[in-house]
Structures are given as C-alpha cells and as structure tokens.
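FYI, the numbering for the sequence shown is 2 to 105, going by my numbering. By construction, the Cβ of each residue, glycine as well, lies at the ideal position given by its N, Cα and C atoms. Please read these numbers as outputs of a predicted model, since none were measured by experiment. Just below is one structure, and these are the notes that go with it.
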Amino acid sequence: GGRSLKRRKNISTSSETGKTGRHECAVCRKCFKSPAELRRHERVHTGEKAYESFVDAGDLKRHMRTHTGEKPFECDFCGKQFTWSSAVPKHKKRVHAAAKSAHP
Numbered sequence: 002g003g004r005s006l007k008r009r010k011n012i013s014t015s016s017e018t019g020k021t022g023r024h025e026c027a028v029c030r031k032c033f034k035s036p037a038e039l040r041r042h043e044r045v046h047t048g049e050k051a052y053e054s055f056v057d058a059g060d061l062k063r064h065m066r067t068h069t070g071e072k073p074f075e076c077d078f079c080g081k082q083f084t085w086s087s088a089v090p091k092h093k094k095r096v097h098a099a100a101k102s103a104h105p
C-alpha cells in the first residue's frame, strides 16, 4: 500500500516467517535471508543513505579504505603499507624497535 516511513526507528524489527528463517520487511512484506539484508533493504523505505551516518567527509573517506584496501601510510624503514596512520608508529615500535635491540 501507500505506507511510508521517514525514520528507521519507525520500522518494526524483522519477523521470521514460519520455520523458513526468512526475515520479512514490516512495510512491504518482502523477505530476506538475513537480518543484514533486511536492514539494507529498509533504507528503501526510510530514504537513509549509508554514507549519511558520517558527519565528516574525511570520516567517510577513511571508512571507505576498509572496502577498497587502500593503504596510503607507509613505514619509512621497511616500506610496509597501512590503512590507518595510527598503525605506522605501532608497527615501528613493535617491529623495528625490537630489531634495534637485537642488533646493538
């Protein structure tokens, strides 16, 4: 019908139909194999965009690295690349500091 929802919180939680283990949309009754697929579908009714949960464009860009595999940060000792800038000093301390103490 003509039901529409403005916010995700208005959508009732998924319900499993019988013993099929399928998750049904409370708005249009379409069924999905998993709760995650149902949540993704619910955005059709709410108008929610996945990227809108990021306040800052930089946050979205950093998050997208988890999907793209981009590793823009590099150790200047060995060239190993990392997704997050914070991983470089941790790597240096763990790998290169140990190597320095082993070879005085």
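Task: Span of the alpha helix (DSSP H) around valine 45 - done: 36 to 47
Task: Paired residues, beta bridge with histidine 97 - DSSP - done: Answer is none; histidine 97 lacks a bridge partner.
Task: The alpha helix (DSSP H) enclosing threonine 67, as first and last residue numbers - done: 58 to 69
Task: Cα-Cα separation, arginine 63 to threonine 84 - done: 8 Å
Open item on the list: Please classify alanine 71 as buried or exposed, where buried requires at least 16 other C-beta atoms within 10 Å of its C-beta.
Closed with: According to the sequence provided, residue 71 is glutamate. The question's alanine does not apply to it. Glutamate 71 is exposed by the Cβ-count criterion.
Task: Nearest candidate by alpha-carbon position, reference arginine 66, set Lys34, Ser86, Ser35 - done: Ser86
Task: Selection from His46, Ala37, Val89, Lys34 that minimises the alpha carbon distance to alanine 27 - done: His46
- [ ] Would you decide whether glutamate 75 is buried or exposed? Buried here means 16 or more other CB atoms lie within 10 Å of its CB.
- [x] exposed
Open item on the list: For phenylalanine 83, list the residues DSSP reports as bridge partners.
Closed with: Phe74
- [ ] Please state if the CB of serine 35 and the CB of histidine 24 are separated by a distance shorter than 8 Å.
- [x] yes
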